[in-house]
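J.: Position 470 of the sequence shown, counted from 1, bears residue number 453 in this note's numbering, the numbering being contiguous throughout.
Here a beta-carbon is modelled for each residue, glycine too, at the ideal position from N, C-alpha and C.
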Amino acid sequence: MRKITHYILYILIAFTVLLNIRCSGNGKEKTLLPELVHAESVMFDHPDSALHILEDMPMPSARRDKENHALWCLLLTQAQYKRMMKIPSDSLVRIAYDYYKPTNNARRKAIAALYMGCINYDLGNIEEAMQYYLAAKTEVDKTDDYKTGYLIMSSLTNLYLFRDFADYALDACMKAYDYAVKDSNNRYQMTSLGLLARCYCISNEFPKAIETYQKTAAKAVELGFENNEYYYSIQKEIALVYTNSWKFEKSLEILKALPKMYQPSLLIGTNYLMLNQYDSAYFYLNKDLNTDNVYTKKSIYKALYQLGDTPEYRKYLKTYCDSLLFYTDSVMSLDKGKEIIAYKEKYDHQKLITEQQRLKLEKADAQRMLFIITICLIVVIAVVAYFYQKRLVRKETTIRKQSEQLQDYMLQLHEYETRLMQNNRYMDELQEQISRQEVNAEDIDSYREQIDSLQSENSRLSENINTLQQHIVEYTSKLDKARRDTEKFRSISEENLNLKQRERMLADYVVDNDRLVKELREKCRVLDDKEWETLEQMCESTYGNFVSRMQSICLTLTKQELHLCILIKLRFSNTQMSEIFGVSVSSVSQKKFRLKKHLSDSLEGGLSEDMTLDRWVAEF
């Protein structure tokens, strides 16, 4: 039986060690080089200074110092990208991505995946870029790095926008704006608002788009960008929304207010055309024909073709028609390829989401199986400990009875020996008196009768003494063996205590690794009914039917009181309980006082004054 227990313990210890190794991962970092720390600290505000530091320092060894080498590759790529330098491949940042991928450093994993996505996007590998962006999104959700979160979600928004994935783009853009607000970065808020307005445009929600563009323009003015190219581009986009809303005069008013070099001739000409001001439309539309953009030329010739339908410009109608057909065919050829790519990207994106959901389900199943195995091990240990304890108690009871019986025999033996000694001494006295002839003839007969009587009694006492001595020898041999068994079982009892301690540690380990308990320890909040039910089920299975036992000893126990008992059992402090219940700390103390009184009234014998509620629940 003892060997079986040892085997169970060895298996349990090995299982726990493997689990810890599995969960700990590669979380330990080496000391970073001071140049890398300095470069990382100035990266967002002064990327040119960071690039200068990284280029001046010697490159860390890829073989002897992998941590610093990976960080150097990541920071150098980040600085080059922020300086808008041309990056021909993702080979440098891939070193960092491959290094951080198996680690627990979620922030650097997210940054590496972000720049893997950015570089692949610039290289035209759209499918790969989307996968890296989504991987970066998954990792950044585990951090408080709002700047990186904004950069990831804004990159995803741009990718979705240019492929007309309106719903995906809107969702990503809203998250980018949330990150910008959390980071208190006005510039990020401005650009994310601009992207959000574009999302509303492709969804044909023009009032929302105009409102959002106006917020973007206000942010630009607040940042001092009112004479900046970005501000003028916002105004042009606002004008385009007004044009699409058939508010041509309002659109023209905005466009005419811009400096001449920023006025878009195509959009101005289109507005004049829609307002039937044909000469102005002809002037501005022809002004933009020098562009090399096929899409722009198609739009210009489409507007000129409409203009050619008027009498004074009908002489150009055939020329406009031929040009329109030519550029329409060119655009259709381009769009056909893009449409195929877009559908493929949409399919791959949905496939990636499905795969992520499948992995989450597999992870949940693995955790559930781990929980069941741990509970089974706890039950086995508890059963073994129970039978050991029961056997030990039975042995101790037998030893105690044998010791008591031996004590009784020893007392009787002492009593018999004392009487035998007294009888012998009295007989010696009588014999001496007879030998001295100090008594007359009549007394001699009486003395002899007494001596005979004493001898008879001594014979019986000797027999009893022999019998008792045999019993004592027999019990002493049994007691010696029992004492040896006692020592043996005492060591078993110590092992039993160790088993109980390990059982408690395992129970605490299961509780502390529960997802909901982890969340509450990190940040307390009010729980809903489903979450309370989850905590009840966990306490019921981990602490040996804790909830059922509580309800059985106190039939009138309320849900609130049961929830308080569960939180005490899970070792939450009064402050944490107050946040979970949504009350003050003093209210929690009052709840505990009332619960103790309730339990004291329900329990037979009640609770003593010196027994606290926390101690009673912990030991229950």
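Leaving out five residues on either side along the sequence, give the residues of the same chain with a beta carbon under 8 Å from the beta carbon of Tyr214.
T.: By 1-based counting over the sequence shown, the position of residue 214 is 231. Only Ala200, Ala203, Val204, Phe208 meet the Cβ criterion.
J.: Which residues in the same chain have their Cβ closer than 8 Å to the Cβ of Thr60, if we skip the five residues on either side of it in sequence?
T.: On the sequence shown, position 77 is the one that residue 60 refers to. Within the same chain, Thr60 has close Cβ partners Ile70, Leu75, Val76, Ala79, Tyr98, Ile102.
J.: Taking Arg170 as part of the alpha helix (DSSP H), name the residues at either end of that continuous run.
T.: Against the sequence shown, residue 170 aligns to sequence position 187. Its alpha helix (DSSP H) spans residues 169 to 185.
J.: From Asn3 to Cys182, what does the alpha carbon distance come to, in whole angstroms?
T.: Reading the sequence shown from its first residue, position 20 is the one you call residue 3. Reading the sequence shown from its first residue, position 199 is the one you call residue 182. Confidence is the limiting factor: at Asn3 the pLDDT is only 48, short of 50, which leaves the residue's position unreliable and the question unanswerable from this model.
J.: Can you tell me the Cα-Cα spacing of His29 and Leu117, whole angstroms?
T.: Walking along the sequence shown from the start, residue 29 turns up at place 46. Walking along the sequence shown from the start, residue 117 turns up at place 134. In a straight line, the C-alpha of His29 is about 27 Å away from that of Leu117.
J.: What separation, rounded to the nearest whole angstrom, lies between the Cα atoms of Thr401 and Glu387?
T.: As a position in the sequence shown, residue 401 is number 418, starting the count at 1. As a position in the sequence shown, residue 387 is number 404, starting the count at 1. Rounded to the nearest angstrom, the two C-alpha atoms are 21 Å apart.
J.: Would you report the Cα separation of Glu592 and Ser583, rounded to the nearest angstrom?
T.: Counting from one through the sequence shown, the residue named residue 592 turns up at place 609. Counting from one through the sequence shown, the residue named residue 583 turns up at place 600. Rounded to the nearest angstrom, the two C-alpha atoms are 10 Å apart.
J.: Taking the Cβ atom as the reference point for each residue, do Tyr82 and Lys125 lie within a distance shorter than 8 Å?
T.: Counting from 1 along the sequence shown, the entry for residue 82 is found at position 99. Counting from 1 along the sequence shown, the entry for residue 125 is found at position 142. Result no, Cβ atoms of Tyr82 and Lys125 do not sit closer than 8 Å.
J.: With three or more C-beta pairs closer than 8 Å as the rule, is the segment 566 to 584 touching the segment 512 to 527?
T.: No, because fewer than three Cβ pairs between the segment 512 to 527 and the segment 566 to 584 fall closer than 8 Å, the two stretches do not touch.
J.: Using only CA atoms, which one of Ile536, Leu538, Gln559 lies nearest to Leu547?
T.: Taking the first residue of the sequence shown as 1, we reach residue 547 at position 564. Selected option, being the one with the closest Cα: Gln559.
J.: Within 8 Å, do at least three Cβ pairs link the segment 131 to 143 to the segment 154 to 165?
T.: Touching, yes, given that three or more Cβ pairs across the two stretches are closer than 8 Å.
J.: Threshold first: 3 residues or longer. Then list the beta strand (DSSP E) segments lying entirely within the segment 59 to 111, N to C.
T.: Fully enclosed beta strand (DSSP E) runs of 3 or longer: not present.
J.: What do you reckon, are the CB atoms on Ser228 and Asn254 nearer than 8 Å?
T.: The residue you call residue 228 lines up with position 245 of the sequence shown. The residue you call residue 254 lines up with position 271 of the sequence shown. Not closer than 8 Å, so no.
J.: On the three-pair Cβ rule with 8 Å, is the segment 107 to 123 touching the segment 84 to 99?
T.: Output reads yes: the segment 84 to 99 touches the segment 107 to 123.
J.: Out of Asp127, Glu562, Asn51, Asn496, point me to the one whose CA is closest to Lys508's CA.
T.: What you label residue 508 is simply residue 525 of the sequence shown in a count that begins at 1. According to the sequence displayed, residue 508 carries Arg and not Lys. With distances taken between Cα atoms, Arg508 lies closest to Glu562.
J.: Quick one: what's got a C-beta closer than 6 Å to Phe231's C-beta in the same chain, skipping five residues either side?
T.: Here residue 231 is taken as the residue at index 248 of the sequence shown, counted from 1. So the list reads Asn254, Met257, Leu258, once near-sequence residues are dropped.
J.: Are Thr525 and Val494 closer than 8 Å when you measure CB to CB?
T.: For the purposes of this step, residue 525 is taken as the residue at position 542 of the sequence shown. For the purposes of this step, residue 494 is taken as the residue at position 511 of the sequence shown. Yes, Cβ-Cβ distance for Thr525 and Val494 is below 8 Å.
J.: For Phe370, count the other beta carbons within 10 Å of its own beta carbon; 16 or more makes it buried, fewer makes it exposed. Which is it?
T.: Position 387 of the sequence shown, counted from the first residue, corresponds to residue 370. Phe370 comes out exposed.
J.: According to DSSP, simplified to helix, strand and coil, what is Leu518?
T.: Numbered from 1 along the sequence shown, position 535 holds the residue referred to as residue 518. Helix, per DSSP.
J.: Going by DSSP in three states, Pro242 sits in which element: helix, strand or coil?
T.: Numbered from 1 along the sequence shown, position 259 holds the residue referred to as residue 242. Looking at Pro242 - three-state DSSP - the assignment turns out to be coil, as it is neither helix nor strand.
J.: Would you decide whether Pro17 is buried or exposed? Buried here means 16 or more other CB atoms lie within 10 Å of its CB.
T.: Against the sequence shown, residue 17 aligns to sequence position 34. Label assigned to Pro17: exposed.
J.: For Ala240, count the other beta carbons within 10 Å of its own beta carbon; 16 or more makes it buried, fewer makes it exposed. Which is it?
T.: One-based indexing of the sequence shown puts residue 240 at position 257. The residue in question, Ala240, is exposed, as its Cβ has fewer than 16 Cβ neighbours within 10 Å.
J.: How many angstroms separate the CA atom of Leu307 from the CA atom of Ile283?
T.: Position 324 of the sequence shown, counted from the start, is the residue given in the question as residue 307. Position 300 of the sequence shown, counted from the start, is the residue given in the question as residue 283. Their backbone Cα atoms lie some 9 Å apart in a straight line.
J.: For Val600 and Ile536, which I take to be in contact (beta-carbon distance under 8 Å), what is that distance rounded to the nearest angstrom?
T.: Translated into the one-based positions of the sequence shown, residue 600 becomes position 617. Translated into the one-based positions of the sequence shown, residue 536 becomes position 553. Not confirmed; about 12 Å, so no contact.
J.: Determine the burial state of Tyr225: buried for a count of at least 16 other Cβ atoms within 10 Å of its Cβ, exposed for fewer.
T.: Locating residue 225 in the sequence shown gives position 242, counting from the first residue. Flag for Tyr225 reads buried.
J.: From Ala264 to Lys285, what distance separates their C-alpha atoms?
T.: Locating residue 264 in the sequence shown gives position 281, where the first residue counts as 1. Locating residue 285 in the sequence shown gives position 302, where the first residue counts as 1. If I take the Cα positions, the gap works out to 12 Å.
J.: Give the straight-line distance between the Cα atoms of Asn496 and Met68, rounded to the nearest whole angstrom.
T.: Here residue 496 is taken as the residue at index 513 of the sequence shown, counted from 1. Here residue 68 is taken as the residue at index 85 of the sequence shown, counted from 1. Cα to Cα, Asn496 sits roughly 46 Å from Met68.
J.: To the nearest angstrom, report how far apart Leu451 and Met488 are at their CA atoms.
T.: Against the sequence shown, residue 451 aligns to sequence position 468. Against the sequence shown, residue 488 aligns to sequence position 505. Spanning the two alpha carbons is a distance of roughly 53 Å.
J.: Just tell me which of Asn407, Leu144, Ala490, Ala53 has its CA closest to the CA of Ile358.
T.: The sequence position of residue 358 within the sequence shown is 375, counting from 1. Cα-wise, what sits closest to Ile358 is Ala490.
J.: For the alpha helix (DSSP H) that Pro247 lies in, which residues bound it at each end?
T.: For the purposes of this step, residue 247 is identified with residue 264 of the sequence shown, where counting begins at 1. Unbroken run through Pro247: none, as it is neither H nor E.
J.: Any idea what DSSP makes of Val566, helix, strand or coil?
T.: In the sequence shown, residue 566 corresponds to position 583, counting from 1. The answer is coil: DSSP assigns Val566 none of H, G, I, E or B.
J.: Can you give the Cα-Cα distance for Pro294 and Ala180, rounded to whole angstroms?
T.: Translated into the one-based positions of the sequence shown, residue 294 becomes position 311. Translated into the one-based positions of the sequence shown, residue 180 becomes position 197. Each residue's alpha carbon lies about 40 Å from the other.
J.: If you follow the alpha helix (DSSP H) that Pro30 is part of, which residue opens it and which one closes it?
T.: Numbered from 1 along the sequence shown, position 47 holds the residue referred to as residue 30. Segment 30 to 39, the alpha helix (DSSP H) holding Pro30.
J.: Which same chain residues end up closer than 7 Å to Ala149 when comparing Cβ atoms and leaving out the 5 residues on each side of it in sequence?
T.: Indexing the sequence shown from 1 puts residue 149 at position 166. For Ala149, where only same-chain residues beyond five positions count, the Cβ hits under 7 Å are Cys182, Ile185, Ser186.
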